[in-house]
Amino acid sequence: AQLPRPCCRGRRLAQSPLMRVSVRVADDAELRFQGGASRIRPLSVLIAQGFVPADASEQQVNVMAAQLARNLAQKFSNTNPEDSALLVAESGDDIVAACGIEVMGLTATGLDTFRYEAGDPQGTLADRPFLSNLAVRRDFRRKGIAKRLCRAAEQSARSWGYTEVLLKVEAENKKARNLYRSLGYRVVAIDREAERPETGSGGLKFVKTTQVAMRKDLRVPPPDVLALRAALLGGSYYLYAQYVASGVGPEGLLRGAEEVSGLDLQALLPALTAVDQAVLPLLSPLLDMASR
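Per my numbering, residue 8 is the first one in the sequence shown, and the count goes up by one each step.
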């Protein structure tokens, strides 16, 4: 059954006291494509700059941005019947970063419907959230904004009822791979038949490339968050409960922790989680600073 879209489209999600950058979901007016004067152009130009070399000409950026504007409108506006959201980070009136999350038919290793039906490696197609189009303006990089956007995108996926997120990243992009790894994503496949857009004298074309497919289990927080939760909410006992509740650890760990602590951890887990959800948003800026 189709889950309802989040009610926060266009509404600010979070603001860090350490920097004047807010994160929100792009509203539908920003995502309408109506030619060159579209309000989506600032977003498409920002994301296009992440696809082209640093020394790309203005014409190359414009060619890429024109294609992306159509693509973003199709994927993330209200015309898309599937769950989707385009997260943007703002500094004042300027959009300085963006990240998309959409539900689409994928295998567990990130193959889409077209590749699956074309006879690529076997796998089961299912609706899965896919993270894409992460871009941060150059003068706003290394400030934790990319992590904030990814976490907001993951929260959207959770609100739609999903327990995982997949993404693909260029194999040669070590900085991006390290970023995703620090957020808890793990490599599930190497796709040597992937394609990426490229601009040239003849306009836009797609060229073969190697991409790394990564997956994050949303039921298991990344290591830095787990360590903080453990310190705040009951040490190793809470860690055991988190892992067992997520289906990762054996039941014996939970039983042993309960015997040592004398607590009914399974009964306490909802209360711990509620406290956890209230505390972590306040501490996320500190996590970002510590991980840089």
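For every residue, glycine included, the Cβ atom is placed at its ideal position computed from N, Cα and C.
Note that the structure is a prediction, hence the values are computed from the model and not measured.
So, is residue i buried or exposed, given that buried needs 16 or more other C-beta atoms within 10 angstroms?
{"i": "Cys64", "result": "Cys is not the amino acid found at residue 64; the sequence shown has Ser there. Exposed is the call here."}
{"i": "Arg193", "result": "exposed"}
{"i": "Gly99", "result": "exposed"}
{"i": "Glu179", "result": "exposed"}
{"i": "Gln81", "result": "exposed"}
{"i": "Pro257", "result": "Confidence is the limiting factor: at Pro257 the pLDDT is only 47, short of 50, which leaves the residue's position unreliable, though a coordinate-based value still follows. The residue in question, Pro257, is exposed, as its Cβ has fewer than 16 Cβ neighbours within 10 Å."}
{"i": "Ser23", "result": "Confidence at Ser23 is low in this model, with a pLDDT of 42, below 50, so the placement of that residue should be treated as unreliable; the coordinate-derived value is given next. Classification for Ser23: buried."}
{"i": "Gly107", "result": "buried"}
{"i": "Ile47", "result": "buried"}
{"i": "Arg27", "result": "exposed"}
{"i": "Thr206", "result": "buried"}
{"i": "Arg158", "result": "buried"}
{"i": "Ala165", "result": "Correcting the residue type first, residue 165 is Arg in the shown sequence and not Ala. Answer is exposed; the Cβ neighbour count stays below 16."}
{"i": "Asp101", "result": "exposed"}
{"i": "Ala36", "result": "exposed"}
{"i": "Gly168", "result": "exposed"}
{"i": "Arg145", "result": "exposed"}
{"i": "Val255", "result": "In this prediction, Val255 scores a pLDDT of 48, lower than 50, which makes its location untrustworthy; the coordinate-derived value is nonetheless stated afterwards. Exposed, since its Cβ has fewer than 16 Cβ neighbours within 10 Å."}
If residue i sits next to residue j, beta carbons under 8 angstroms apart, how far is it from one beta carbon to the other, in whole angstroms?
{"i": "Arg135", "j": "Val110", "result": "7 angstroms"}
{"i": "Leu156", "j": "Ala220", "result": "20 angstroms between Cβ atoms; not a contact."}
{"i": "Glu200", "j": "Phe213", "result": "At roughly 12 angstroms, the Cβ-Cβ gap does not stay under 8 angstroms, so Glu200 and Phe213 are not in contact."}
{"i": "Leu132", "j": "Thr116", "result": "Not confirmed; about 11 angstroms, so no contact."}
{"i": "Ala142", "j": "Ala105", "result": "5 angstroms"}
{"i": "Glu307", "j": "Asp224", "result": "Nothing in the structure corresponds to residue 307, since the chain is present only between 8 and 299."}
{"i": "Val32", "j": "Ala92", "result": "5 angstroms"}
{"i": "Leu211", "j": "Met71", "result": "7 angstroms"}
{"i": "Val195", "j": "Arg222", "result": "5 angstroms"}
Have a look at the options and flag the residue whose alpha-carbon is nearest the alpha-carbon of residue i.
{"i": "Asp34", "options": "Thr86, Asn180 and Lys182", "result": "Thr86"}
{"i": "Ser84", "options": "Ser166, Ala105, Leu118 and Arg39", "result": "Arg39"}
{"i": "Val103", "options": "Val52, Thr114, Phe147 and Leu132", "result": "Phe147"}
{"i": "Glu97", "options": "Leu50, Gly168, Tyr169 and Thr206", "result": "Leu50"}
{"i": "Ser29", "options": "Tyr169, Val95 and Phe137", "result": "Val95"}
{"i": "Pro60", "options": "Pro204, Leu138, Thr217 and Arg222", "result": "Pro204"}
{"i": "Leu79", "options": "Leu138, Ile197 and Thr216", "result": "Leu138"}
{"i": "Asp90", "options": "Asp198, Lys181 and Gly112", "result": "Gly112"}
{"i": "Gly191", "options": "Ala183, Arg77 and Phe58", "result": "Ala183"}
{"i": "Ile197", "options": "Asn69, Thr217 and Arg188", "result": "Thr217"}
{"i": "Leu75", "options": "Leu118, Asn140 and Asp119", "result": "Asn140"}
The region 51-68 in contact with the region 151-162 per 3-pair CB rule at 8 angstroms: no
Alpha helix (DSSP H) runs contained entirely in the region 150-190, provided each spans 4 or more residues: 152-166 and 181-189
Length-filtered (4 minimum) alpha helix (DSSP H) runs lying within the region 68-134: 120-124
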